[in-house]
Structures are given as C-alpha cells and as structure tokens.
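Below is one structure; the comments refer to it alone.
There are 2 protein chains.
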Amino acid sequence: MLFSENLEKLIQSFNRFPGIGRKTAQRLAWYLVAQDKNFALNLAETIKTTVESFKTCSQCNMLSESDPCPFCISPDRSDSYLCVVENSSDIQILEGMNEFKGRYFVLGHLLSPLDGYGPEQINTAMLLERIENLHPSEVILALKPSAEGEATIHYLWELLKDKGISITRLSTGIPFGGDLEYSNLNTLANAWKRRYTVQ
Amino acid sequence: MLFSENLEKLIQSFNRFPGIGRKTAQRLAWYLVAQDKNFALNLAETIKTTVESFKTCSQCNMLSESDPCPFCISPDRSDSYLCVVENSSDIQILEGMNEFKGRYFVLGHLLSPLDGYGPEQINTAMLLERIENLHPSEVILALKPSAEGEATIHYLWELLKDKGISITRLSTGIPFGGDLEYSNLNTLANAWKRRYTVQ
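Those sequence lines, one after another, are chains F and L. Counted the way UniProt numbering counts, the first sequence spans residues 1 to 199. Counted the way UniProt numbering counts, the second sequence spans residues 1 to 199.
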C-alpha cells in the first residue's frame, strides 16, 4: 500500500459529495494534510458540532439549529407570502437576493415516482397544514425547471388551484450572461414562446 | 442571525480549499447537514486521524504516514530514476499512469522569489543530497509549464547540468481531447515549435 488508507478514506468521503469527482476529492484531501493541522482539526470539530446541532423545523421542514427555525418565528416576515423550495440550501441562495420577506416551506425532494418520491415523501400534508395556518395570498413555487420540477409544480398547482391563492413560479428563459449559442433547445424554445415587449 | 453561525463557519472552511468558491462551499456544507449524521461524523473522525498521522518523509519530503515513506523504502523501485514534483499530491496523480517505478522528490513549492520562495525554500540542498545518495541516471522534472514552473526547471537544470545526469522534463503541447480553438497562444506556439514527424 503506497498511499495511506486514511487518506484514501478521506478521498472517498469527499468523493461522495455532489459534484465532487475523484480528482477534486484527491485535491481536497491532500490540501488538508498539507495545510497546518489546526485548520483540519478545526474543520473536523466544526463538522461535528454543526451536524449534531441541526434538526428539522417542525413548521417549515428547514434544517436549522432551532425548532421552530429563525424564519418561522421572525416577526419581521410576512405570512402573506409562502415560498416553496426543494432543499434548505435553496433558502440560503434565495436570501442572497435580499428581496423576499415572507415564509418558506421545504419539500425535501421533488416528485419522482420512479425513485420512490411520491406525494407523501415530499411532505404534501405538511405543506397543506402550513397553508391552512398562514393563509398566504401567494404561494411561490421556487423549484427548478427540470422534468421533476415541472411535475412537482403541476402537482402542487392541481392541489392548490381552488383555494383562492395566487400560485406563481419563477420565470424561465435565457440566463443573464448566457449565450444563445450555448442554450439548449428547450431553454431557447421556451424563451421564444415567453418573449415579452421591450418598453 | 437567520442562518447558523456553525454552518457559516463550515462554509468558510470549505471556501478555504483551493478551487472551492463560496457557492460550492455552501453546497458542501448543506450536504453534510442534510445527510445522515454518521457520514459527517465519520468524515470528521477521518480528517482528525489522517492529519494527525501525516508527517514529512525525511528523504523525499513527501507527506506520508511513515518516515521514510513507502516510496523511499520500497525495494521494487529503482534508484536510477528520480522524479521531482511540486507537491505530494502530484505523486498520486503520476502513480495513476502506472508507468514510473523510480523514486520521487517533493519540492513543496515552485521558485517564486516575489512570494518569498527562493532556492532554500524549495529544498534545493535536500534535493542535492538525495541525488548524491541515489546516483540516478535521469532526473525527471515533472513540474507544470507555468512561468514559475519554467523558472524552477531552468534553475534546477543549471544546478544539475554538470553532474553527468540526464535532466528531462514532461512534454508540452496540445492536450489530448483539447481543441486547437481553445488552446491559448503560448500552448499553440509551443506545440508548433515542437512539432514532430508522423511515422
């Protein structure tokens, strides 16, 4: 064994993260052993403390250190707007806009019956309960425009359309900075269909 | 504070890794808290065990759990070939070829006087001692063809050229699978100059 088994274990752990291939995992693991030990030991400690303190908010399903989470108890946020996201991490991304001041709900997964994610697995009952309690005037389905995202948006729309709530979704089209040349045909055809008058 | 301070610490730690931007760091941190806790706790433990057991090999300067490292004590490797690399991680990359069966030497850094990396900082004396002991017939300078890599190759060549050792470096040119269109001008001009007869 020319390379350390511990190092190999570390590489394989990093390799399990989404979007981290074998090469990047190797780079991360070697960085840890090459840096001053304190950085790595602090990281190990932070991982331990963080995952041990995280739980699921019983109101919105977000991963948080407190239950209810800070978003659910904040008096500065409006109950009139409920934003539905796939994952807790999406909330941090949306908060980066500094635009939305309503409440959130985390599905945890998109509808994907073939993978075993039906209506129960995406917390539909909990979402309905949340809507009963908050009485929002608008539910924003901030889900990604993939096949599974579209299916989930359609399913939730069917479920909520008769409740007198405005059901919205994020705009789809060419991303800013995106090239027409590099857009796929679905994106392009959709952007063409949804073209709007320049004012 | 709407997001956990621990999570923020975790994100900032991941953000310190080379090539990991803020967005990827957020994705990694959220993945850890969203996965089963055992994965994260095992990762923390592996980081701790690994960095605590790693030291520098006193012969080749490689980061390893033993001193001398497995490459320096292996009886299956030839002293006739000495491969000089920038970092320990480069050894793992080169070993992936399953081609080289000689010894290694890790500089730890390329020459970069403006950043404070002169001849002493890149372990020149230790390299000379290593060469005295091994009597290699070839020294392969497996350094990257950047400005700093070229400076280091040139410096080491000056240092070693009169010792009756063959001093070689990796070939430079268009990478396999690389497009002419996407090659930068330096790469292209160099590949043109180094063109060879097709046989």
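For glycine and all other residues, C-beta sits at the position ideal for the given N, C-alpha and C.
In the structure shown, the three-state DSSP call for S13(F) is helix. From the beta-carbon of V33(F), the residues of chain L found nearer than 7 Å are T50, V51, F54, L63.
Using a Cβ-Cβ distance cut-off of 8 Å, the region 62–79 of chain F and the region 100–109 of chain F are in contact, since at least three pairs of beta carbons, one from each stretch, lie closer than that value. In the three-state reduction of the DSSP assignment, V198(L) falls in the coil class, being assigned neither a helical nor a strand state. Looking at the DSSP output, T56(F) bridges to L63(F).
For K37(F), the chain L residues whose C-beta falls within less than 8 Å of its own C-beta are V51, E52, listed in chain order.
Sequence-ordered contacts of the UniProt domain "Toprim" (80–175) of chain F with chain L read N87, S88, S89, Q92, I93, E95 [C-beta pairs closer than 8 Å].
Here DSSP, grouped into helix, strand and coil, assigns R130(F) to helix. Annotated three-state conformation of F105(L) is strand, per DSSP. The criterion of a C-beta distance shorter than 7 Å is not satisfied by L111(F) and E86(F). Pairwise C-beta distances place the region 6–14 of chain L out of contact with the region 175–193 of chain F, as fewer than three of them are shorter than 8 Å. With respect to the 7 Å criterion, S137(L) and S80(L) are classified as neighbours on the basis of their beta carbons. The contact set of Q26(F) on chain L, defined by CB atoms closer than 7 Å, consists of S89, Q92 in chain order. The beta carbon of S78(L) does not come within 7 Å of any beta carbon belonging to chain F, so the residue lies off that interface. The three-state secondary structure of R27(F), taken from DSSP, is helix. S4(L) has no beta-bridge partner at all, per DSSP. In this structure the region 12–30 of chain L touches the region 21–34 of chain F; the number of beta carbon pairs closer than 8 Å is three or more. About 5 Å separates the CB atoms of E65(F) and S4(L); that is less than 8 Å, so the two are in contact.
Going by DSSP, C72(F) is part of the alpha helix (DSSP H) stretching over 70–73.
Sixteen is the threshold: since fewer than 16 other Cβ atoms of the shown chains lie within 10 Å of the Cβ of D179(F), the residue is exposed. For K161(F), the closest C-alpha among the options L141(F), G96(F), P175(F), A44(F) is that of L141(F). Taken through DSSP and simplified to helix, strand or coil, L114(F) comes out as helix. In the structure shown, I174(F) falls within a coil segment according to DSSP collapsed to helix, strand and coil. Nearest CB-CB separation between S58(F) and chain L: not below the 7 Å threshold.
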